[in-house]
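Engineer: Per numbering that gives the first Met the number 0: the sequence shown = residues 0 to 314. C-beta atoms are modelled at their ideal positions from N, C-alpha and C, and glycine is treated no differently. What follows is a structure written as structure tokens; I'll ask about it next.
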Amino acid sequence: MLPLVTDAQARDAVSAQDAIDIVAQTYGDLGSARASLSDPGLMRLDHDAWGFALKGAVLDRYGTAGVRVIPSHPGGGNGWCLLLDTASGRPLARVEETWLHRLRTAASAVVTARLLARPDSRVLTLVGTGRIADLVPPACAAGFAVEEIRVVGRRAGAAADFAARHRADGVTVAAYDSVDEAAAGADVIIAVTSATEPVIHAGHLEPRRAVIGLGGGAEIAAGVLLASDRFYVDELGFARTVGSVAGWLRTGLAPAELRARLTGTLSAVVNGEVPGRTTPDERILAVVQGVAACDVALACLVVERLGLAVDRLPE
């Protein structure tokens, strides 16, 4: 029977530090052609009341191809990653991808902050209090040392509840009532929301600051892009279909303007093909929607840690 890895098993197998290391490594592999993404980056499979989104990647490092399947219909349940041997095409394992996806998203934010924020950053504003946001403080504690995380939620009390949950995460977490208040003096802003209208505006991207958008809705206004000195994505093709970038295009930003504003990908920064931050005063924007290669790589690590298909996975 094809091995099945549950969320609970994944939680026991990998840490926030593991996820940060995997994301950084996979960005490097994408930039050096040791990994490839599906084309298109996202495929939708819809039929009547059912819907699925599929994203794929091939990883030379693991000799593995993977497809992430995300049910998009009500009651569709959790996402899954199917791993296959690249040589034989044989399925290797099914990995539940709900908690693991959240961890990968938080780890991607930390890797992006390390690449693009000022090295002396001490204050981080977190806009969003959901299940992905819950993994940002432990990820920061593992890989991006800040002294304070200021959290803002959509509903009254959400930020206070969030701060209370994270008192033991190795970093001070404080609740704030508004983005304006929480952003004052912050070095980094991370947005991970389901907002359908912008909550981050041009005035929030001050000099010396990095803004990182992770959410699937239109959380960052196009004015932030226009105010930025440098703009990065993890993968432009997929970013054009969801989240803030899709929102900009939908509301009138010309595709040519988007391409002209793009400094490069995070993979290009990791591999030294494109510079990250070059001066402390730069205003930097990054939109990170998640590449399938990172999900597949993290699933491979979980399978390896659990001792499944060990004859297929490298040391």
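1. Measuring alpha carbon to alpha carbon, tell me which of D280, A292 and E146 ends up nearest A32.
2. Can you confirm whether the region 38-55 touches the region 254-263 when touching is taken to mean that 3 or more C-beta pairs between the two stretches lie within less than 8 Å?
3. If I measure Cβ to Cβ from L305 and keep anything under 7 Å in the same chain, skipping five residues before and after, which residues do I get?
4. According to DSSP, is C299 helix, strand or coil?
5. Answer with buried or exposed for R121, where buried requires no fewer than 16 other C-beta atoms within 10 angstroms of its C-beta.
6. Are there 16 or more other CB atoms within 10 angstroms of the CB of V295, so buried, or fewer, so exposed?
7. Quick one: residues in its chain with C-beta nearer than 7 Å to the C-beta of G76, no 5 flanking neighbours on either side, listed in chain order?
8. Please determine, among A132, C139, W49 and D47, the residue with the shortest C-alpha to C-alpha distance to S193.
9. Between the region 213-230 and the region 182-197, are three or more C-beta pairs nearer than 8 Å?
10. Quick check: the Cα distance between A102 and A226, rounded to an integer number of angstroms?
11. Going by CA-CA distance only, name the one from V290, E303, A181 and L300 that's closest to D38.
12. Counting only the same chain and skipping the five closest in sequence on each side, list residues whose C-beta sits under 8 Å from that of T171.
13. Under 8 Å from any heavy atom of the ligand ZN, does the C-beta of A108 make it?
14. Please return the same chain residues whose Cβ sits closer than 8 Å to the Cβ of D6, not counting the five positions on each side in sequence.
15. Would you call the region 227-246 and the region 258-275 in contact, with 3 or more CB pairs under 8 Å?
16. Could you pull the start and end residues of the beta strand (DSSP E) that L123 belongs to?
17. Cα-Cα, which of G74, H203 and D84 is closest to L316?
18. Would you tell me roughly how many angstroms separate the C-alpha atoms of Q16 and H165, rounded to the nearest one?
19. Check whether the Cβ atoms of A315 and A112 lie closer than 9 Å to each other.
20. Identify whether R166 lies in helix, strand or coil by the three-state DSSP scheme.
21. Going by the DSSP bridge assignment, what does R93 pair with across the sheet?
22. Can you tell me whether DSSP reads F143 as helix, strand or coil?
23. For the beta strand (DSSP E) that contains H46, what are its first and last residues?
24. Check V13 in the structure and name its three-state DSSP category.
25. Please report how far the alpha carbon of Y175 lies from the alpha carbon of A190, in whole angstroms.
26. Is the beta carbon of A18 sitting closer than 9 Å to the one on A144?
27. Need the endpoints of the beta strand (DSSP E) that R229 sits in, please.
28. Could you check what DSSP says for P197 in three-state terms: helix, strand or coil?
29. Just curious, the beta strand (DSSP E) that P70 is in, first and last residue?
30. Starting from T192, follow the beta strand (DSSP E) in both directions and report where the run begins and ends.
31. Mind checking which residues open and close the alpha helix (DSSP H) that includes S31?
32. Does G263 come out as helix, strand or coil in the three-state DSSP assignment?
Structural biologist: If we stick to the structure as given:
1. A292
2. no
3. V4, Q8 and A12
4. helix
5. exposed
6. buried
7. P70
8. A132
9. yes
10. Residue identity differs from the one stated: residue 102 is Leu in this sequence, not Ala. If you take the alpha carbons of L102 and A226, they lie about 30 Å apart.
11. V290
12. E146, E147 and I148
13. Among the ligands in the structure shown, none appear at all, so the ligand ZN cannot be discussed.
14. N77, E95, T97, W98 and L99
15. yes
16. V122 to V126
17. No statement about residue 316 is possible, as the shown extent of the chain runs from 0 to 314 and does not include it.
18. 17 Å
19. Residue 315 lies beyond the residue range present for the chain, which begins at 0 and ends at 314; the question has no answer from this structure.
20. coil
21. L3 and L81
22. coil
23. M42 to H46
24. coil
25. 14 Å
26. no
27. R229 to V232
28. coil
29. T63 to P70
30. From DSSP, T192 is part of no beta strand (DSSP E); its letter is neither H nor E.
31. Neither: S31 is in no alpha helix (DSSP H) and is coded neither H nor E.
32. strand
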